[in-house]
Structures are given as C-alpha cells and as structure tokens.
Amino acid sequence: MAAEPQTTESVETLARAYFERVGARDPDGMMEFWRPGGKGTIHGIAELTAPDSYRAWFVNLFAAFPDWRFEVEAVVADERRAAVRWRATGTFDGSAQFEGFDPTGDSVELVGVDLLEVSEGQIIALDAYSNSIQLARQLGAMPERGSRGERAMNAAFNLKTRVARRLRRS
2 MAAEPQTTES VETLARAYFE RVGARDPDGM MEFWRPGGKG TIHGIAELTA PDSYRAWFVN
62 LFAAFPDWRF EVEAVVADER RAAVRWRATG TFDGSAQFEG FDPTGDSVEL VGVDLLEVSE
122 GQIIALDAYS NSIQLARQLG AMPERGSRGE RAMNAAFNLK TRVARRLRRS
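Mapping of the sequence shown onto the numbering used here: residues 2 to 171, in sequence order.
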C-alpha cells in the first residue's frame, strides 16, 4: 500500500502536533515525529541528531527550566516544509545546568522560528532560530544592552582586536 502524499494540511498538522509535545515537555513524544537520523540545528547553541542527542538536549532543557512553557503563535506550511513562530518562557531554577551554566533563578522569554522539513510524515530536519544574545542577557551571562558592563566588555573586545591587528602587521 502506497503512502498517502503529503499535503500542506498534513505538514501543518504534523508541525502543530509536534510542538504540542514540546509544549507538554515530552521528549519521548517529540521523538515519535522524527525520522531516526534526522538533524536538528538550534542555531548558535546545538547540532543534534534524532533521537539520541535531540532527546537528551530537551531532557536537559526541561530539567533546567522546569516551568518551560512553549506556545505556537503561527504556522505556515507547504507540502514539504513548515515554518513555526513560537514564544517560550521559563525560569532557570531547575536541577540541571543549561549550556554549562548553573541555574540562576532568572526568568527568560524567547521568540523564535523553527523551519521543519518533512518527508513521508516524519521530520527529517529542523532549523531553530532565536536570539541567543537575548537569552544570554536574560541568564546574566552577557551584560544588559547599554550597561556599564556592556561598555566594558566592548572596550575589552575592541582592545583585543586592535592588539591582534597590530600583531598581524608586525
């Protein structure tokens, strides 16, 4: 029996169902939508492969942010792809580190877009885009925009750049 062809509606339905599992903090349920070996890229943060490293990354995320809330704001799809705009919030007060940082108790709010590629009813690739610097600032890993800390960090970086430029010339 031949598989039914994918339609815009079936891809949108799959994307919404997948993100319902993300919103439910259900890594096992999330993996049901992935083709084994599928690649997930959370740009600026992680390169993942389903199911193992992808599942492990989300288990850690949900342990680090136990109140992680994820809401889909919009989905646009065609027969092979879906673009999903989302908003996530959470408090970094869980039992796990996140990207090497100990829990700070800080709250975060992110807006992002995930681009999913779907084949034969399964996700084969996902590219997630959000503002990693905004996340770092909310976690206290980067100084606030316009702050004295940001000015000091920029001055140190610019000094390093000038020294490196002079060393290359000599």
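All C-beta atoms in this analysis are idealised placements derived from N, C-alpha and C, irrespective of residue type, glycine included.
Since the structure is predicted, the reported quantities are computational estimates derived from the model, not experimental observations.
Give the straight-line distance between the Cα atoms of R56 and A142, rounded to the nearest whole angstrom.
25 Å
What separation, rounded to the nearest whole angstrom, lies between the Cα atoms of R17 and P144?
35 Å
Express the C-alpha separation of N155 and A165 in angstroms, rounding to a whole number.
15 Å
Any idea if S178 is buried or exposed, counting beta-carbon neighbours within 10 angstroms, 16 or more meaning buried?
Coverage of the chain is limited to positions 2 through 171, which leaves residue 178 absent and any answer about it impossible.
Near F34, what residues of its chain come up, given a Cβ to Cβ distance below 6 Å and the 5 sequence neighbours on each side ignored?
Y19 and I124
Measuring alpha carbon to alpha carbon, tell me which residue in T92, G101 and L116 is nearest R86.
L116
Taking 7 Å as the cut-off, is the CB of D29 close to at least one heavy atom of the ligand FMN?
Of the ligands one can find in the structure shown there are none, so the ligand FMN has no counterpart to examine.
Which residue wins for smallest C-alpha separation from I134, given the options G38, P37, G45 and K40?
G45
Taking the alpha-carbon positions, what's the E121 to G24 distance?
24 Å
How many Å lie between T90 and A137 at the Cα?
14 Å
N-terminal and C-terminal residue of the beta strand (DSSP E) that S120 is part of:
S108 to S120
Could you spell out the range, first to last residue, of the beta strand (DSSP E) harbouring T105?
Per DSSP, T105 belongs to no beta strand (DSSP E) and is neither H nor E.
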